[in-house]
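Participant:
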Amino acid sequence: MQRIHIIGGKNHGKTTLVADLVRELTGRGMRVGTIKHTHHHHELDTPGKDSHLHRQAGASAVGILSPQLDALFLTNADPANDAPVAKEARYQRLLSAMEGCDLVIVEGDTQTSAPQLEVWRAVQGTAPLCRAEASRILAVVTDDPIDVNIPVLPRRDVPALADWILDRLGTC
Numbered sequence: 182m183q184r185i186h187i188i189g190g191k192n193h194g195k196t197t198l199v200a201d202l203v204r205e206l207t208g209r210g211m212r213v214g215t216i217k218h219t220h221h222h223h224e225l226d227t228p229g230k231d232s233h234l235h236r237q238a239g240a241s242a243v244g245i246l247s248p249q250l251d252a253l254f255l256t257n258a259d260p261a262n263d264a265p266v267a268k269e270a271r272y273q274r275l276l277s278a279m280e281g282c283d284l285v286i287v288e289g290d291t292q293t294s295a296p297q298l299e300v301w302r303a304v305q306g307t308a309p310l311c312r313a314e315a316s317r318i319l320a321v322v323t324d325d326p327i328d329v330n331i332p333v334l335p336r337r338d339v340p341a342l343a344d345w346i347l348d349r350l351g352t353c
C-alpha cells in the first residue's frame, strides 16, 4: 500500500483536493483510505459516553462497532512505559487498519519522510512550502503561475493529477 501526503498552507485547498482525488480514484475502482493529520488536540470521542469512559479507565485501544461505521481509538502512549509512540509507528498502526486499500492519502503533515504534493494558491499570499526547505515535496499542484524547481501540476485536471500520482508511486 502506498501513501502520499497532500500538504499546503491554510486555505490552499488541501481538503478539496483530497476529496477530488478520492472521488477520481474510487471511480477507477481503487480502494482509497484517508488520514487527516493535525497538530492540534481534538477530542474525537464523546465525553461521558461508554467508549470515552473505557479510555479514561486506561484502555489502550477502544473500538466502536455500529451498523454503518466502525471506529478505533488508539492512545498515543506506549503501554509498556507510557512514552509517546513515534509518529511513523502511529502511521503504521493506522495503515494496518486500512489493509486492502490501494492508496492512502494523508491530508497534512510536512514533517514526514513520505512523498508529498503541495497544493498552493497565490491568492493566499504565502510562499510555497517547497521553497522554504529541502523536502519530500514531489510537485506543486496549482493553477497559478509559479517559479519552482520541481514539477508543477494543474489543479483543475484531477484525472491527470491522479495519473501522475499513480505513475510516480508505482501504484496500479
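The sequence shown begins at 182 in this note's numbering and counts up by one.
Quick reminder that beta carbons are idealized off the backbone N, C-alpha and C, glycines included.
1. Just checking my contact of Val-321 with Glu-205 at CB under 8 Å: how many whole Å lie between their CB atoms?
2. Around the C-beta of Ala-267, are 16 or more other C-beta atoms found within 10 angstroms, so that it is buried, or is it exposed?
3. Comparing alpha-carbon positions, which option in Asp-344, Arg-349, Gly-351 lies nearest Thr-207?
4. Please report the straight-line C-alpha distance between Val-329 and Cys-311, rounded to a whole angstrom.
5. Closer than 8 Å is the cut-off here; do at least three beta carbon pairs connect the segment 230-249 with the segment 289-308?
6. Among Asp-290, Asp-251, Ser-294, Leu-334, which has the Cα closest to the Cα of Met-279?
7. What did DSSP end up calling Ile-346 once you bin it into helix, strand or coil?
Facilitator: Short version:
1. Not confirmed; about 19 Å, so no contact.
2. exposed
3. Asp-344
4. One C-alpha to the other measures close to 8 Å.
5. no
6. Asp-251
7. helix
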